[in-house]
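Here's the structure we're looking at; comments come further down.
Number of protein chains: 2
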Amino acid sequence: MTVSRVINKHARVAEATRQRVEQAIAELGYVPNALARGLLHGRTRTIALIVSDVSNPFFTQIVRGVEDVAQRNGYTVILGNSDESVEKERRYIHTFLSNRVDGLLIAPASSASRSTLELLARRGRPFVLIDRALEGVNADTVIGDSVGGARTLTQHLIRLGHRRIALVNGPLEVPTARDRQRGYLEALREYGIDPQASLIVTSTYKRDGGYRAAQQLLALPPAQRPTAIVASNNFLGVGTIEALREAALAVPQDMAVVCFDDIELASAIYPFLTVVAQPARAFGTIAAQFLLERLEGSEPSPPRTVVLPPELIVRVSCGAALKPRVDADRR
Amino acid sequence: MTVSRVINKHARVAEATRQRVEQAIAELGYVPNALARGLLHGRTRTIALIVSDVSNPFFTQIVRGVEDVAQRNGYTVILGNSDESVEKERRYIHTFLSNRVDGLLIAPASSASRSTLELLARRGRPFVLIDRALEGVNADTVIGDSVGGARTLTQHLIRLGHRRIALVNGPLEVPTARDRQRGYLEALREYGIDPQASLIVTSTYKRDGGYRAAQQLLALPPAQRPTAIVASNNFLGVGTIEALREAALAVPQDMAVVCFDDIELASAIYPFLTVVAQPARAFGTIAAQFLLERLEGSEPSPPRTVVLPPELIVRVSCGAALKPRVDADRR
DNA sequence: TTGAAAGCGCTAACAT
DNA sequence: ATGTTAGCGCTTTCAA
Numbered sequence: 146m147t148v149s150r151v152i153n154k155h156a157r158v159a160e161a162t163r164q165r166v167e168q169a170i171a172e173l174g175y176v177p178n179a180l181a182r183g184l185l186h187g188r189t190r191t192i193a194l195i196v197s198d199v200s201n202p203f204f205t206q207i208v209r210g211v212e213d214v215a216q217r218n219g220y221t222v223i224l225g226n227s228d229e230s231v232e233k234e235r236r237y238i239h240t241f242l243s244n245r246v247d248g249l250l251i252a253p254a255s256s257a258s259r260s261t262l263e264l265l266a267r268r269g270r271p272f273v274l275i276d277r278a279l280e281g282v283n284a285d286t287v288i289g290d291s292v293g294g295a296r297t298l299t300q301h302l303i304r305l306g307h308r309r310i311a312l313v314n315g316p317l318e319v320p321t322a323r324d325r326q327r328g329y330l331e332a333l334r335e336y337g338i339d340p341q342a343s344l345i346v347t348s349t350y351k352r353d354g355g356y357r358a359a360q361q362l363l364a365l366p367p368a369q370r371p372t373a374i375v376a377s378n379n380f381l382g383v384g385t386i387e388a389l390r391e392a393a394l395a396v397p398q399d400m401a402v403v404c405f406d407d408i409e410l411a412s413a414i415y416p417f418l419t420v421v422a423q424p425a426r427a428f429g430t431i432a433a434q435f436l437l438e439r440l441e442g443s444e445p446s447p448p449r450t451v452v453l454p455p456e457l458i459v460r461v462s463c464g465a466a467l468k469p470r471v472d473a474d475r476r
Numbered sequence: 146m147t148v149s150r151v152i153n154k155h156a157r158v159a160e161a162t163r164q165r166v167e168q169a170i171a172e173l174g175y176v177p178n179a180l181a182r183g184l185l186h187g188r189t190r191t192i193a194l195i196v197s198d199v200s201n202p203f204f205t206q207i208v209r210g211v212e213d214v215a216q217r218n219g220y221t222v223i224l225g226n227s228d229e230s231v232e233k234e235r236r237y238i239h240t241f242l243s244n245r246v247d248g249l250l251i252a253p254a255s256s257a258s259r260s261t262l263e264l265l266a267r268r269g270r271p272f273v274l275i276d277r278a279l280e281g282v283n284a285d286t287v288i289g290d291s292v293g294g295a296r297t298l299t300q301h302l303i304r305l306g307h308r309r310i311a312l313v314n315g316p317l318e319v320p321t322a323r324d325r326q327r328g329y330l331e332a333l334r335e336y337g338i339d340p341q342a343s344l345i346v347t348s349t350y351k352r353d354g355g356y357r358a359a360q361q362l363l364a365l366p367p368a369q370r371p372t373a374i375v376a377s378n379n380f381l382g383v384g385t386i387e388a389l390r391e392a393a394l395a396v397p398q399d400m401a402v403v404c405f406d407d408i409e410l411a412s413a414i415y416p417f418l419t420v421v422a423q424p425a426r427a428f429g430t431i432a433a434q435f436l437l438e439r440l441e442g443s444e445p446s447p448p449r450t451v452v453l454p455p456e457l458i459v460r461v462s463c464g465a466a467l468k469p470r471v472d473a474d475r476r
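Protein chains in written order, with our numbering: chain A, 146 to 476; chain B, 146 to 476.
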C-alpha cells in the first residue's frame, strides 16, 4: 500500500494522496501493527529491563534513567521484576526473547544468574548488566564501587571512635553483598581491628532481613555488642533502625547506623542517616546508552565496564554524637 | 511443522518425534516468536501498565500487584511512566496499541487524559483506570476514597485542637487532588471552621512542590499561619517536613503534619507521621483481575468501580504534642 | 501421525 | 507516483 510510504515518510508520495491517507488514518483510528513490522525486520525497537526489586527506590531511579534514554531514542521499555529470584528472572528473559526485544538490561538476581546469562549470550542478543557484575559473563557492565563505598562507611565510623562495628549484609550470592563485605573488612584491617564473626550477619536485602539481623546483634552479650552498624543497603538500614527503635535504642546516641544507598524520602525528614549514595539514575542512563550503541552501532566492540563512584553523605551534624558513650557500651 | 504441535502440546505426536524435536529445541536454543504468534492470533498475552510516577512508592506497589496477577496468569507486563504528562501518556498508549497489548491499566496523568482515553475506548481495547477516576470514561475503575481519607485526616487534626489547618494539595487537574480538597473542606465545615483561601496551596504532586508550598505557608503573617498541615500525598508530606525543618520548626511540636499515603521506608524510622494509608498493592491486583476477566471472559459487562477504603495510621504516641501551643501560635 | 497450503500485517524490491 | 509480489514465523485447516 501507499499507506506504508506515508507513515514512514518515504517521500515520493503525491501531496494529495498523502492528505487523503492521513485523513483516513485519523478517521479509522488506524495504528500500525508493530508485530508485523517486527516480524519482517527482525527488530522491534523494544528493550527489556529486568530489576531485582521494583519496590526499591534505587532500582526505581534506574528505571527512570533507562526510560528516559529509551524514549528519547524511540525505544519502548518492557519491565520485569525478578524479585531476587533466579527462576523468575529466567522466565522473564525467555518471555522477552520470545517477544524479540532488541536487547536487555539486567540487574541479575544473584551469581546463580550466570548460567541463564551465558545462554543469553550464546543466542547473541546484546545485554548490559546493571549494579551487579558477574564474572565470566561477557557483557557491558555498569556498577557502583561497592568495595570502596563500604570501606568509606566503615572508615567513617572508625574515625568517630567506634571499634566494635557490625555489618548487616545481604545474601552472599549477590555480588554487591560480597563486595561490601570485602570493603568493610578492608577498613577494619587498615585500622588493625580484628573482625568478629559474630558481628557479621547475613540476611536478605529486605527490610525484615535487616530487622532480624539487628535483633540478632542486640541479643549478643553486652560486652560483645556493637556500638555501630554498617547496613549493606537501604532496606537493611531501615530494618536495622526499626529493630533499634523497638529496643528503645536511639540513633545515633545509643547505636550509630550508616548504610549503603540513600533513602531519599526517609533521609529528607530523618536526619540521622549517614549513607553512601549511588547515582542510581546514571546507572540506568549509562547502561541504556551502552545498549543502544550496540544496537545501532555496527562493528562489535569488546565489553566495557563502568564503575560509578558512590558519594559519602554525612547526615548527622553533630558527629560527636556518634562517639560511643560508655553507658551505651555497657548496655 | 510438527514443532508447533510439540510446543503447544497438541497431543497426536509420536513420542519418538517429540523427543527429537525437544532435543533440537534445546540444542539450537530455539525460542518461539511471539510476534508471529501475535500477528496470527490477534492477541499477545501482554498487558500494559501506565503509571504517572514510577518513583512514587505508591505506584511501585501497584506495579508489584499487577505483575503478580499477570505473571500468575501467563501475561507479560509492559510498563510506561507518564511522569504526570498527558503527552507522554498519549505516546505510550499509542506505542502499546501498536504493539497490540491485549489490554491496559492506566493511572491517568490528569483530567486532560480524557480525550486520549475516549479514543482508546473507541478502538475497543479493554482498559482499567487505577487511582484516578475520570468522569465520562466508560471503563472499570479502581480508586481509593480520597474524599473520606482527607476528611479523616482533617478531622483528626481538628479533634486534637487545631483550627488553622492548611492544605498542601496537588494539581487540581488530578482527580485525587480535587477530591482530597473536598474532603478537607467537608471536615472544616462539619466543625464550623471557615476555610481560608490563603491556607490552601496548590502545587505539583512532587517533593519540591510540597517544599515550596510549605514555605509559602510559613511566609504568612504570624497570626494567619497554620498550626497544622494536611499534605495531599506522600511526596508533598515529605517536602513539607523538609521546609519546616529548614525553618527550624519541629514536627509535631511547632507544626503538626499529616499526609495522604503512607511512606513505608520513612515512617518506619520517623515516627511522627500520621497518615491515611491506601492498600496500594490491592489497587494493582484488583485492577489486573478486572482486566483479565474482560480479556478472558466472553460477554461484555457494564463497567465496575471499586472504591478501596484508606486506613488512618496515627503514628505519634503522644497525641497531646499535636495540640497547638500558645507560643507556636504566635510564631 | 505428519505434511502442505494459506494468511495474519507489513515493507523491500521490483515493476509500471 | 503508485501498485505488485513475496516472505518474515506461526498455526488452522485440510490432505495424505
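Cβ coordinates follow ideal geometry from the N, Cα and C atoms, glycine included.
- Per DSSP, GLY289 (chain B) is not a residue of any alpha helix (DSSP H); the beta strand (DSSP E) it occupies stretches across 285-289.
- Taking the Cα of ARG259 (chain A) as reference, the smallest distance to any Cα among A:ILE275, A:LEU279, A:LEU242 and A:ILE207 is reached at A:LEU279.
- Residues of chain B with a Cβ closer than 9 Å to the Cβ of VAL208 (chain A) are, in chain order, VAL199, SER200, LEU224 and ASN226.
- In the DSSP assignment, THR372 (chain B) falls outside any alpha helix (DSSP H) and carries neither an H nor an E.
- Proximity to ARG190 (chain A) across B:ALA266, B:THR147 and B:ASN244 peaks at B:ASN244, based on C-alpha coordinates.
- Note: LEU224 (chain A) is bridge-paired with A:LEU194 in the DSSP secondary-structure output.
- Residue environment: VAL459 (chain A) is assigned as exposed (fewer than 16 neighbouring CB atoms within 10 Å of its CB, all protein chains considered).
- In the three-state scheme derived from DSSP, where H, G and I count as helix and E and B as strand, GLY219 (chain A) is classed as coil.
- With a threshold of 8 Å between beta carbons, GLY306 (chain B) makes no contact with chain A.
- Excluding sequence positions up to five before and after VAL151 (chain B), its CB lies within less than 7 Å of the CB of VAL158, ARG163, VAL166 and GLU167, all in the same chain and listed in chain order.
- For ASP247 (chain A), same chain residues with a beta-carbon under 7 Å away, outside a window of 5 residues either side, are ARG188, THR189, ARG190, THR191, ILE192 and LEU440 in chain order.
- DSSP, read as helix, strand or coil, puts VAL459 (chain B) in coil.
- Taking a C-beta cut-off of 9 Å against chain B, the contacting residues of the region 241-259 of chain A are PHE241, LEU242, SER243, ASN244 and ARG245, listed in chain order.
- Nearest to ALA392 (chain A) by C-alpha distance, out of A:ILE414, A:ARG268 and A:ALA364, is A:ALA364.
- Rounded to the nearest angstrom, the Cβ distance from ILE275 (chain B) to LEU312 (chain B) is 24 Å, too far for a contact under 8 Å.
- Nearest CB-CB separation between GLU438 (chain B) and chain A: not below the 8 Å threshold.
- The beta carbon of GLY382 (chain A) lies closer than 6 Å to those of ALA376 and CYS404 in the same chain, with the five residues before and after it left out.
- Classified as exposed, THR450 (chain A) has fewer than 16 neighbouring CB atoms from the shown chains inside 10 Å of its CB.
- Within chain B, not a single residue places a beta-carbon under 8 Å from that of HIS186 (chain A); the smallest gap is close to 10 Å.
- For GLY183 (chain B), the nearest beta carbon of chain A is closer than 8 Å to its own beta carbon.
- 8 Å or more divides the Cβ of VAL452 (chain B) from the Cβ of ASP285 (chain B).
- The beta carbon of GLU387 (chain A) sits closer than 8 Å to some beta carbon of chain B.
- Of the other Cβ atoms in all chains shown, fewer than 16 fall within 10 Å of the Cβ of ARG304 (chain A); this residue is therefore exposed.
- Taking 8 Å as the cut-off, the Cβ atoms of SER255 (chain B) and VAL231 (chain B) count as close.
- Contact with chain A is absent for PRO271 (chain B), since none of that chain's Cβ atoms lies less than 8 Å from the residue's Cβ.
- Taking a cut-off of 8 Å for Cβ pairs, the region 207-224 of chain B and the region 432-439 of chain B touch, as three or more such pairs fall below it.
- Beta-bridge partners of ALA422 (chain B) (DSSP): B:GLU456.
- Under the DSSP assignment, GLY355 (chain B) falls in the alpha helix (DSSP H) whose first and last residues are 352-363.
- By the C-beta density criterion, ARG235 (chain A) is buried, having at least 16 other C-beta atoms within 10 angstroms.
- Collapsing the DSSP output to three states places THR450 (chain B) in a strand.
- Among the residues of chain A, those whose CB is under 8 Å from the CB of ASN178 (chain B) are LEU184, SER243 and ARG245, following chain order.
- Put simply, the backbone Cα of PRO455 (chain B) is about 6 Å away from that of GLY294 (chain B).
- Shown here for GLY219 (chain B): same chain residues with a beta carbon closer than 8 Å to its own, the five before and five after excluded, namely ARG190 in chain order.
- Close partners of TYR415 (chain A) in chain B (Cβ separation under 9 Å): ALA411, ILE414 and TYR415.
- Around the beta carbon of SER348 (chain B), 16 or more other beta carbons lie within 10 angstroms, which makes this residue buried.
- Annotation: VAL246 (chain A) is outside any alpha helix (DSSP H) and is labelled neither H nor E by DSSP.
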